[in-house]
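S.K.:
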Ligand code: 2AM
Ligand code: CA
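Residue numbers (the numbering used here): 113 to 373.
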């Protein structure tokens, strides 16, 4: 079942309807603490339920994995949706307007398609295996940057894992001193979508969960870039791990000169 056909328009409608719920500021103010600097709001639950219902209605045979549910029964050898209803929850709480719905379909361990939708800008990023990557229907490509001096690099910081702060900020400083500038958006899905369309040249973050990077990974790969762990190896989409997405050239350079020294 690796060439599963998903009707794009149906998929986009489901994701857009979910994203429309981001504007409910009352629900965004209902915050529950999951862990240190790890939050979930009523919006996260509401978006997840709405999208899950839509997916189940259209494609009842496909399993559903979502950030805000128990996923212990998922069989990764079969088709599975991987959803982060709100990637960038801290941004949502602050009305910082850098949050996205991130939805991917994997089948037999391979990416089939992915969507990252940013409701504030109404930008919908989509990619399907072997078909390329698109922003609101127009083809997108990673940047052509070859040197650190010409790069805008986005960093991720795992705010809840303070034990990594010294190591991370030391790495950020070394990269900051060599590149054009750094950014920290707070949504891994948007960071990867921005790598795919060439707005930034690379993005990396430790310990991301599958739903943070599953869709962004397909976008970057179909846009001509690469997504690896910090050693340059292929990431395991079923597990938490470190993620480095780039236009390819800058990813190799980061692995060689920065990530492991
Ligand atoms: P979230 O907003 O869906 O929680 C920001 O550093 C990135 O890390 C975001 O993509 C954010 O996703 C993710 N993130 C936040 N808390 C996390 C956690 N406890 N485990 C893994 N990723 C997390
Ligand atoms: Ca989330």
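Virtual Cβ for every residue (Gly too), placed ideally from N, Cα, C.
Just so it is clear, the structure is predicted and the values come from calculations on it, not from any experiment.
With respect to 6 angstroms, is the separation between the Cβ of residue 201 and the closest non-hydrogen atom of ligand 1 below this value?
M.R.: yes
S.K.: Closest to residue 329 by CA distance: which of 205, 240 and 174 is it?
M.R.: 240
S.K.: Locate the alpha helix (DSSP H) running through residue 165, then write down its first and last residues.
M.R.: Counting along the chain, the alpha helix (DSSP H) containing residue 165 begins and ends at 154-170.
S.K.: For residue 198, verify whether its CB is less than 6 angstroms away from any heavy atom of ligand 2.
M.R.: yes
S.K.: Where do the ends of the alpha helix (DSSP H) carrying residue 204 lie?
M.R.: 201-205
S.K.: Tell me which same chain residues have a C-beta within less than 7 angstroms of the C-beta of residue 249, skipping the five on either side of it?
M.R.: none
S.K.: Going by the CB atoms, is the gap between residue 227 and residue 215 shorter than 7 angstroms?
M.R.: yes
S.K.: Please list, in chain order, all residues of the same chain as residue 144 whose beta carbon is under 6 angstroms from its beta carbon, the five residues on each side excluded.
M.R.: 152
S.K.: Quick check: what's the CA-CA separation for residue 183 versus residue 351?
M.R.: 12 angstroms
S.K.: Within the continuous beta strand (DSSP E) that includes residue 212, where are the two ends?
M.R.: Note, residue 212: beta strand (DSSP E), 212-219.
S.K.: Compute the beta-carbon to beta-carbon distance between residue 299 and residue 212, rounded to the nearest angstrom, for a pair I have assumed lies under 8 angstroms.
M.R.: 6 angstroms
S.K.: Name the one or two DSSP bridge partners that residue 371 has.
M.R.: As computed with DSSP, residue 371 is found in no beta bridge at all.
S.K.: Could you spell out the range, first to last residue, of the alpha helix (DSSP H) harbouring residue 283?
M.R.: 277-290
S.K.: CB-CB under 7 angstroms to residue 186, same chain, minus the five flanking residues each way: which ones, in chain order?
M.R.: 175, 177 and 192
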